[in-house]
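Some notes on the structure that comes next.
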Amino acid sequence: MGLVRSKWTLGLAGAGLLFIIVIVLAVMFVPRALGFGQAPEQPIAFSHIPHVSKDVAGLECVFCHRTVETGATAGIPSVEQCMFCHRLIGRDNPEVQKLAAAWADERPIDWMRVHRVPDSVHFVHEPHIRGGITCATCHGDVGNMPRVRQAITLRMGDCLACHRQRGAPTECSVCHY
Amino acid sequence: MSTGMDRRQFLKAAATSALGAVVFAGCAVPKRELLVESPVRMPEDLVTGADNWYATVCRQCPAGCGVIVRVMEGRAKKIEGNPDYPINRGKLCARGQAGVQALYHPDRVTGPLRRDRATGQFSPISWNDALDLLGARLKALRGQPDTVVLATEPLRGSLATLVDGFVRAYGAASHLTLEPLESTPLWDSMARLTSPILSSYTLLSVLPEFDIANTRYLLSFGADFLSTELSPVRYSLGYGEFRHPDESGRGTFVQVEPRFSMTGANADRWVPVRPGTEGVLALSLAYVMISEGLADSEAARAMTGGRGADALSDFQPERAAAVTGVPAGTIVEIARAFATQRPSLAVGGGPAAAQTNGTFNLTAIYALNFLTGGVGALGGMALNPVPPKELPRAARPPSPFASWRRLAEQMRTGQPRPVNLIMFRGVNPVYSLPTSLGFAEALARIPLVVSFASIMDETATLADLVLPEHTYLEDWGDDVPVPGPGYQVVGYQQPVVLPVHDTRGFADVLLVLAQEVGSDMEQSLPWKTYRDMVRDGARELHSLGRGSIVEANIEAFWNRALQNGGWWDASDRYTGPLPQPQLLPTQAPTPEFAGDPHEFPLHLVPFASHSLGDGRGAHLPWLQATPDPITSVAWQTWVEVGRQTARQNDLEEGTVVSVESPQGRVEAAVYVNPALPPEVVAVPLGQGHSSYGRYAQGRGANILSILAPLEDRENGALAWAATRVRLVKAGRRQPIPKFEGTMFAAQVPGSEVIEVTRP
């Protein structure tokens, strides 16, 4: 009897342990699955630093991400827009040469998305910008990243905390529709 | 010392080890899903050309909203509401938006067609030949003009004048108008309630304006005014203001109807009523208001012949409860609130009007407004002003169903005289009249059948000559919207694009035909083109010298009228004497239903589809794909049954049933709606086309086809909600194409699901 019980106990304990391990691993990996901390390699080693830095180009975010104030997505600049400046600037830089080659071939550039939310969420940039949220609130200090990395977890709790704090609506259907 | 791992090490190892990689590789997003492609060129530079917005009038339903159409490089791209137009003030419904699809429909008739009766095949024919053929026939039949029939939708504006003139000049050709869900009972009850004031001008050319925006208590009997009734965009606008919590508070809205409509879903209180008993309920409300002294005493005296509540003793709440199925307590509550929460407004329509006692029902319903002083008052039934003669002709009631029944009879028997030529414009009687009338078969006996359809509908496929007309976005016109907003409005319709195909305007074809028939006809219709006629109308309007456009010369007036989409004079309100309350009926005519109650136990309540209307929107894929607001079903016909009925008959969602009336049967899948009363089965209109383009054809069922030809006793209007049916399982299943989830509607405390059961 005692033996049987101890076998059961061991089995249960093992199953429980496995369960806990899975949960712990899931908790560790979910932010990663959402992209947190990741800085995927891009087809062109683009750095925001010279573009944003006041000492160099000093561009505003909306100069390139043109639809952030009007649409759902901030918008990836077109190759043509990059070439407005890079026709003249940085022509010796091998990375700019990749850009020029794409432009010469009329070929789009396949950037890797860094920031994203699950498919069940409809995130629209426009009302957030209108509400005075800075880009850095969700994207971190992109202007100082040599390669863009997701600096904020962008989990639902983060969204809700901010929405509560600012009195923004928190009904499910605001984002999940 | 130990070779074993502690917990932290284990987790670290697992996280970075092969195990972790294997377990969580599945969780990572595949790389291709992370690709985001930059466009090569500046997207804003890819738009070439400049856009122009042209104002015109929407003709997708009879409400007549003003629209503006975005045109780029000669192509109509987008339709929006005209922000200036008084009827819809910049708003527009799905049907209006879908107008561009009517223009660019792939199955439009691209040129005139002639059918060989032996083979049934259509072959192209030139406009000249087609008009010569028709003109010659009209000329030959000139000696017997009463054998020529012109059938159109109810017309108004210059087109109505033109058709009237054509018919009169030709002799005595008959002109019939068809409205599948007729408004005849509404016109009739209004004429009765407002006589003799309104009957003195042009046979009640305007319906009153229901001032929903300013009312505080709205009581609607079956009128689905947020979805399909009369002028839904306008009423929805008013409803928005009505619900807005301003200083006078948020209005209360009660909907009484046998089927849970979209409008009913918006109500504070929804009251299911037995079909055809709405008038009894209204009179019972009147009884309570009068007996409790809540009604205006003068009106109460006039409406009861001085006898007070005793005159209505047949309608005491307990008695009315037995007839209507509405508890006596509910009747008393509604009556008290309606009488005290003023201004209040009672409106009626939909199935309440579609009974053999429909006109009685509506008269009783609208009479309630007299008891609360709502007639001619803010937040009540405001009267529209008398149209001056300078305005294009206003609307008239449609020809009642009885005249169509007589026409079918005449076509079939040739008595009292044969029909030698029949022309159809904007109507599809083969689809919209009950099959028991035998209209399609009767049509085969007519020597020449002409259709002006721009899409091959069921009637056009039986025509000998198809003379495709422009869509409304390619044609001229003017409009006097009905019901008006309480003041004079004239809308102007102009072509926003060049004709896409080899089509002509219906009015222009009539003018050509007039020339072909004879010089006397040409003289009575002296215009070269329909545009000239519309412009002549504008000239008269200009001579009024008032309203939204005042210009020194007609040229400037015409330009601004086209630019603004119309002319209106908000200062011109009705100022004449108010109609006096009439005596209320002391007895209610019993509604009659087709079908034995034992054999056909359920009331069939058809309803106009939110998007397809009575079927005329079924050819447009955007409207087909628009889900019904209550069931979320798209692209199909469904049979709505209550949960109790479903349980008793072993039906569930997707069970295909045959809906059988004494006149025929159609098949469709069941959708269980707990809010539907057990004695009712509801089926939407619009589908079941055997023709009408690729998106409409062979889809769903046409419930109009199995209606019994019962008529309103007073005016011969089709009682389209007076057929009884039974449901017979067809022995197969067909999933319902719907957007809502598959969770059943569970009762949750705090947000209960409406469920109607009967003992």
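Each protein sequence line maps, in turn, to chains A and B.
Per our numbering, residue 80 is the first one in the first sequence, and the count goes up by one each step.
Per our numbering, residue 31 is the first one in the second sequence, and the count goes up by one each step.
Note that beta-carbon positions come from the ideal geometry of N, C-alpha and C, so glycine has one too.
- Task: Note down, one range per segment and in chain order, each beta strand (DSSP E) of at least 3 residues found wholly within the segment 267-306 of chain B.
- Result: 282-287 and 299-302
- For the segment 62-95 of chain B, which residues have a CB atom closer than 7 Å to at least one CB atom of chain A, in sequence order? LEU64, LEU65, VAL66, GLU67, SER68, PRO69, VAL70, ARG71, MET72 and PRO73
- Using a threshold of 9 Å, state whether the C-beta atoms of B:GLN90 and B:TRP652 are closer than that. no
- Report the neighbours of A:MET191 on chain B: residues whose CB is nearer than 8 Å to its CB, in chain order. LYS61, LEU64, LEU65 and VAL66
- Query: What do you get for B:VAL778, buried or exposed, if any count of 16 or more other CB atoms within 10 angstroms of its CB means buried?
  - Reply: exposed
- Message: I want to verify the contact list: residues of chain B whose CB lies under 9 Å from the CB of A:ILE102, in sequence order.
- Response: Correct list: empty, because the minimum Cβ distance to chain B is about 11 Å.
- Task: Report the three-state DSSP secondary structure of B:MET486 (helix, strand or coil).
- Result: coil
- Which listed residue (B:LEU143, B:VAL687, B:VAL539 and B:SER691) has its alpha carbon closest to that of B:TYR8: Only positions 31 to 789 of chain B appear in this structure, which leaves residue 8 of chain B out of reach.
- Message: Could you check whether the segment 238-246 of chain B touches the segment 392-411 of chain B, counting it as contact only if at least three pairs of C-beta atoms, one from each stretch, sit closer than 8 Å?
- Response: yes
- Rounded separation between B:ASP566 and B:TYR560 - CA only: 10 Å
- Could you tell me whether the Cβ of A:PRO156 comes closer than 9 Å to any Cβ of chain B? yes
- Query: Quick one: Cα of B:GLY313 to Cα of B:PRO417, how far?
  - Reply: In the sequence as presented, Gly is not what sits at residue 313 of chain B; that position holds Leu. Distance between the alpha carbons of B:LEU313 and B:PRO417: 33 Å.
- Task: Check the DSSP bridge columns for B:HIS633 and list the partner residues they point to.
- Result: B:VAL710 and B:ARG754
- Identity of the residues DSSP links to B:MET453 by a beta bridge: B:LEU180 and B:VAL480
- Query: Does any residue of chain B bring its CB to less than 9 Å from the CB of A:PHE98?
  - Reply: no
- Distance between beta carbons of B:ALA369 and B:ALA358, contact taken as under 8 Å: Not quite, the Cβ-Cβ distance comes to about 17 Å (not below 8 Å), so this is no contact.
- Item | Contact list for the segment 147-173 of chain A against chain B, Cβ threshold 7 Å | ILE155, PRO156, SER157, VAL158, GLU159 and GLN160
- Query: When we look at the beta-carbon of A:GLY150 and count the other beta-carbons within 10 Å, is it buried (16 or more) or exposed?
  - Reply: exposed
- Message: Which residues in chain B have a C-beta closer than 9 Å to the C-beta of A:GLU185? List them in chain order.
- Response: VAL70 and ARG71
- Task: Determine, using beta carbons only, whether A:GLU250 comes closer than 9 Å to chain B.
- Result: no
- Message: Checking the sheet assignment: what are the DSSP bridge partners for B:ALA190?
- Response: Paired residues: none, contrary to the question.
- Item | Classification of B:GLY643 by the beta-carbon crowding that lies within 10 angstroms, buried from 16 upward | buried
- Measure the beta-carbon distance from B:LEU614 to B:LEU342 and round it to whole angstroms, keeping in mind my assumption that it falls under 8 Å. 7 Å
- Message: Do B:ILE98 and B:GLY645 have their beta-carbon atoms positioned less than 9 Å apart in this structure?
- Response: no
- Verify the CB distance criterion: does A:ILE188 have a CB-CB separation below 9 Å to chain B? yes
- Have a look at A:ARG166 and A:ALA181 and give me their C-alpha separation to the nearest angstrom. 12 Å
- Message: Give me the subset of the segment 117-131 of chain A whose CB atoms are less than 8 Å from a CB atom of chain B, sorted by chain position.
- Response: PRO119
- Quick one: is A:ARG226 near chain B, going by C-beta distance under 9 Å? no
- Are the beta-carbon atoms of B:LEU256 and B:THR293 separated by less than 9 Å? yes
- With DSSP as the reference, label B:ILE784 as helix, strand or coil. coil
- Considering only the beta carbon of each residue, do B:LEU168 and B:THR177 sit closer than 9 Å? no
- Please go through the same chain and pick out, in chain order, the residues whose beta-carbon is closer than 6 Å to the beta-carbon of B:PRO611, but skip the five residues on each side of it. ALA329, ALA332, MET333 and PHE400
- Item | Terminal residues of the alpha helix (DSSP H) in which B:ASN158 lies | 157-170
- Item | Nonlocal neighbours in the same chain, by C-beta distance under 6 Å from B:GLY780, ignoring five residues either side | none
- Message: Am I right that B:ALA253 and B:GLY380 are in contact with their C-beta atoms under 8 Å? What's the rounded C-beta distance?
- Response: 6 Å
- Confirm the yes/no value for this check: CB of B:ALA341, any heavy atom of the ligand MN, distance under 8 Å. As far as ligands go, the structure on display features none, and thus does not contain the ligand MN.
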